[in-house]
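K.L.:
These protein sequence lines map, in sequence, to chains R and Z.
Going by numbering that gives the first Met the number 0, the first residue of the first sequence is number 0, and it counts up by one from there.
Going by numbering that gives the first Met the number 0, the first residue of the second sequence is number 0, and it counts up by one from there.
Below you will find the structure I want to go over with you.
There are 2 protein chains.
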Amino acid sequence: MRDALVAAAFRLFLERGYEQTTVDDIVALAGVGRRSFFRYFPSKEDVVFPDHERCLADMTAFLAASDAEAEPVRRVCDAARLVLRMYAENPSFSVQRYRLTKRVPGLRAYELSVVWRYERALAEYLRGRFAGRPDGNLRADVIAAAVVAAHNNALRSWLRSDGQGDASATVDHALAYVQSAFGAPPAAPSAPAPALATSPTPTTAPSTTGERPGERPEDVVVVVCRRGVPLWRVVQEVETALGRE
Amino acid sequence: MRDALVAAAFRLFLERGYEQTTVDDIVALAGVGRRSFFRYFPSKEDVVFPDHERCLADMTAFLAASDAEAEPVRRVCDAARLVLRMYAENPSFSVQRYRLTKRVPGLRAYELSVVWRYERALAEYLRGRFAGRPDGNLRADVIAAAVVAAHNNALRSWLRSDGQGDASATVDHALAYVQSAFGAPPAAPSAPAPALATSPTPTTAPSTTGERPGERPEDVVVVVCRRGVPLWRVVQEVETALGRE
Chain R
0 MRDALVAAAF
10 RLFLERGYEQ
20 TTVDDIVALA
30 GVGRRSFFRY
40 FPSKEDVVFP
50 DHERCLADMT
60 AFLAASDAEA
70 EPVRRVCDAA
80 RLVLRMYAEN
90 PSFSVQRYRL
100 TKRVPGLRAY
110 ELSVVWRYER
120 ALAEYLRGRF
130 AGRPDGNLRA
140 DVIAAAVVAA
150 HNNALRSWLR
160 SDGQGDASAT
170 VDHALAYVQS
180 AFGAPPAAPS
190 APAPALATSP
200 TPTTAPSTTG
210 ERPGERPEDV
220 VVVVCRRGVP
230 LWRVVQEVET
240 ALGRE
Chain Z
0 MRDALVAAAF
10 RLFLERGYEQ
20 TTVDDIVALA
30 GVGRRSFFRY
40 FPSKEDVVFP
50 DHERCLADMT
60 AFLAASDAEA
70 EPVRRVCDAA
80 RLVLRMYAEN
90 PSFSVQRYRL
100 TKRVPGLRAY
110 ELSVVWRYER
120 ALAEYLRGRF
130 AGRPDGNLRA
140 DVIAAAVVAA
150 HNNALRSWLR
160 SDGQGDASAT
170 VDHALAYVQS
180 AFGAPPAAPS
190 APAPALATSP
200 TPTTAPSTTG
210 ERPGERPEDV
220 VVVVCRRGVP
230 LWRVVQEVET
240 ALGRE
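Right, dumping it as structure tokens:
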């Protein structure tokens, strides 16, 4: 019945317009009563985004089940991929909804509030992982926002192409950019890393030249790498050598 | 009259609650007619955020007036500081509004839409600056989101402290984190860079050891730095050595 209500609603939204369609119109077409509608959807906006609550719950559960050793930036990128998967499950529905949302200010506002809830779910997880570290909350908020922006940039470009092309590859590419900016290497499926395949790994040689042994803050770090090594890989080596996470 | 309407509205919002206050109540207290209210504010929400339209216009003008040589990430950080300045002009009003907004879902939704417009203004400027570069739009969207998240993290912590402390310094610190992540050094006023004051600058020694001269892609880059040098400074040196922006 839930699917029938969504199908009826979208047929009417596309035929008559969103504002011109009432809940009564939707239930009449679906052949059910008003109470059935409100059992599934708190409001007319919610029928446009029928799967976000489930996806938010999945994301929260996915993050809560994270291994304590999981690299946090990679983990939130994987969590963001759950949203993409939801859109990619039904490309034609997602494209229709994208077009509808662009035209209706009320739906855009609703979507902003949903995006904000995803962003907070990612940020809360990162705040936990960065707890006690300098600027932990700041880093968590910034990285969560960057992940959401990258995901949505890729998602929108896929929706604008009418759901053609490889949505996963587009999102992987966008998330790899965020991972490179925040020091974590791209996840394996999104990182063929061609430059590394033909170049040696950067080598790092911490030394204490000219310093008394044990004076870590004064240590000299030498990083040797070849041109062509991806910047994130170099930064990762520098960070490791400097003893930062 | 505009200020009188805002003052009357806030007095009633705090005394009776936002939802329980009507536009009629506000105009009665301010001693003006309904038409005067709607001349200044399209809706009751707008009286809560009376300066955002002006600030958005200031931000757009500021970005449009940018020097073509301006470092783009630094420029959008400076644009974000215009929002902070608006909040810091009137700390007690900003703190009252923050408390009110936290309690009223409709105002939170309104605020999300305003934040989205600031983010789009920053992203549009960056898209122009990055036009024609690989992933230009992606980078623009991600950096704009990161700047807004850093700004808002700092702004909220200042508002939670009841507007005590140095809001500018808090925001400068947050924006410096974004600038370090995206490769641009922090702007001068926000970068006392204490580590650099006591440590030598990283030195970079490009060499062609073991390679035929002129084979740039195979060149070896050696970066020497001391522990304690800020990571963004190291990354900047590596980027320069690798010939990337």
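Yeah, the Cβ is synthetic: ideal placement off N, Cα and C, and Gly gets one too.
Measuring CA to CA, which of R/Leu11, R/Met85, R/Ala3 is closest to R/Leu158?
P.N.:
Among R/Leu11, R/Met85, R/Ala3, the Cα nearest to that of R/Leu158 is on R/Met85.
K.L.:
Of all the CB atoms in chain R, is at least one closer than 8 Å to the CB of Z/Phe40?
P.N.:
No, no contact with chain R.
K.L.:
Determine the closest residue to R/Ala168 out of R/Asp23, R/Ala87, R/Arg53, R/Asp24, with distance taken between C-alpha atoms.
P.N.:
If we check each option's Cα against that of R/Ala168, R/Ala87 comes out closest.
K.L.:
What first and last residue would you give for the alpha helix (DSSP H) that runs through R/Asn89?
P.N.:
Segment: none, R/Asn89 is in no alpha helix (DSSP H) and carries neither H nor E.
K.L.:
Which of helix, strand or coil does DSSP assign to R/Thr202?
P.N.:
In this predicted model, R/Thr202 has a pLDDT of only 44, less than 50, meaning its place in the structure is not dependable; the value taken from the coordinates is given anyway. Strand.
K.L.:
Taking only heavy atoms of the ligand NAD into account, decide whether any of them is closer than 7 Å to the Cβ of Z/Asn89.
P.N.:
Here there are no bound small molecules, and the ligand NAD is not part of this structure.
K.L.:
If you reduce the DSSP assignment to three classes, tell me which class R/Phe12 lands in.
P.N.:
In the structure shown, R/Phe12 sits in a helix (DSSP, three-state: H, G or I).
K.L.:
Quick one: complete alpha helix (DSSP H) runs, 4+ long, within the region 49 to 106 of chain R?
P.N.:
Correct list: 51 to 63, 71 to 88, 90 to 102.
K.L.:
CA-CA distance, Z/Pro71 and R/Arg132?
P.N.:
Spanning the two alpha carbons is a distance of roughly 29 Å.
K.L.:
Between which two residues does the alpha helix (DSSP H) carrying Z/Ser177 extend?
P.N.:
In the sequence as presented, Ser is not what sits at residue 177 of chain Z; that position holds Val. 166 to 180 is the span of the alpha helix (DSSP H), which, as asked, contains Z/Val177.
K.L.:
With a CB to CB cut of under 6 Å and the five nearest residues on each side skipped, what residues in its chain are close to R/Ser160?
P.N.:
Contacts found: none.
K.L.:
Relative to the alpha-carbon of R/Gly141, which residue among R/Leu154, R/Glu123, R/Asn152 has its alpha-carbon at the smallest distance?
P.N.:
Going by the sequence as given, residue 141 of chain R is Val instead of Gly. Among R/Leu154, R/Glu123, R/Asn152, the Cα nearest to that of R/Val141 is on R/Glu123.
K.L.:
Buried or exposed: Z/Leu13, going by 16 or more other Cβ atoms within 10 Å of its Cβ?
P.N.:
By the 10 Å Cβ count, Z/Leu13 comes out exposed.
K.L.:
Taking 8 Å as the threshold (beta carbon to beta carbon), is Z/Trp115 in contact with chain R?
P.N.:
So, interface residue.
K.L.:
Report the CB separation of Z/Lys43 from Z/Val26 in whole angstroms; it is logged as a contact under 8 Å.
P.N.:
Not really, about 11 Å apart at Cβ, beyond 8 Å.
K.L.:
Using the Cβ count rule (16 or more neighbours within 10 Å means buried), how would you classify R/Ala120?
P.N.:
Buried: at least 16 other Cβ atoms inside 10 Å.
K.L.:
With distances taken Cα to Cα, identify the nearest neighbour of R/Val47 among R/Leu99, R/Phe181, R/Leu28.
P.N.:
Of the listed residues, the one whose Cα sits closest to R/Val47 is R/Leu99.
K.L.:
Measure the alpha-carbon distance for Z/Ala139 versus Z/Ala78 and round it to whole angstroms.
P.N.:
Computed Cα separation, rounded: 14 Å.
K.L.:
Rounding to the nearest angstrom, what Cα-Cα distance links R/Ala166 and R/Leu4 in this structure?
P.N.:
Answer to the nearest angstrom: the Cα atoms are 27 Å apart.
K.L.:
Put R/Asp161 into one of helix, strand or coil per three-state DSSP.
P.N.:
Coil at R/Asp161, not helix or strand.
K.L.:
Quick check on Z/Phe37: buried or exposed, where buried means 16 or more other Cβ atoms within 10 Å of its Cβ?
P.N.:
Z/Phe37 should be labelled exposed.
K.L.:
Give a yes or no on whether the C-beta atoms belonging to R/Val75 and R/Glu18 are separated by under 8 Å.
P.N.:
Contact: no.
K.L.:
I'd like the list of long-range same chain contacts for Z/Trp115, defined as Cβ closer than 6 Å, with 5 residues on each side in sequence excluded.
P.N.:
Correct list: empty, nothing qualifies.
K.L.:
Is DSSP giving Z/Arg126 helix, strand or coil here?
P.N.:
Helix.
K.L.:
Between R/Leu81, R/Phe61, R/Ser65, R/Ala67, which has its C-alpha nearest R/His51's C-alpha?
P.N.:
Answer by Cα proximity: R/Leu81.
K.L.:
Does the distance from the C-beta atom of R/Ala149 to that of Z/Val147 stay below 8 Å?
P.N.:
No. Outside cutoff.
K.L.:
Ignore the nearest five residues each way along the sequence and tell me which others in Z/Gly135's own chain have a CB closer than 6 Å to its CB.
P.N.:
Once the five neighbours on either side are set aside, the close Cβ partners of Z/Gly135 are Phe129.
K.L.:
Please list the residues of the region 81 to 104 of chain R that have a C-beta atom closer than 8 Å to any C-beta atom in chain Z, keeping them in chain order.
P.N.:
Answer in chain order: no residues at all.
K.L.:
Using beta carbons (cut-off 8 Å, strictly below), is R/Arg138 in contact with chain Z?
P.N.:
At least one chain Z Cβ lies under 8 Å of R/Arg138.
K.L.:
Between Z/Thr200 and chain R, is the shortest Cβ-Cβ distance under 8 Å, so that the two count as touching?
P.N.:
Note that Z/Thr200 scores 41 on pLDDT, short of 50, meaning its location in the model is unreliable and no value can be drawn from it.
K.L.:
Can you pull the chain Z neighbours of R/Leu111, defined as C-beta to C-beta under 8 Å?
P.N.:
Per Cβ cutoff of 8 Å: Ala108, Leu111, Ser112, Trp115.
K.L.:
DSSP on Z/Asp218, reduced to helix/strand/coil?
P.N.:
Bear in mind that the predicted position of Z/Asp218 carries a pLDDT of just 49, short of 50, making it unreliable; the figure below should be weighed with that in mind. Three-state DSSP puts Z/Asp218 in coil, outside helix and strand.
K.L.:
Measuring only between beta-carbons, confirm whether Z/Lys72 sits less than 8 Å from chain R.
P.N.:
Per the sequence presented here, residue 72 of chain Z reads as Val, with Lys not at that position. It does not; no Cβ of chain R falls within 8 Å.
K.L.:
Taking Cβ-Cβ distances shorter than 7 Å, what residues in chain R pair up with Z/Val177?
P.N.:
Simply Val141.
K.L.:
Strictly below 7 Å CB to CB, what residues from chain Z border R/Asp134?
P.N.:
By Cβ distance, chain Z contributes Tyr176.
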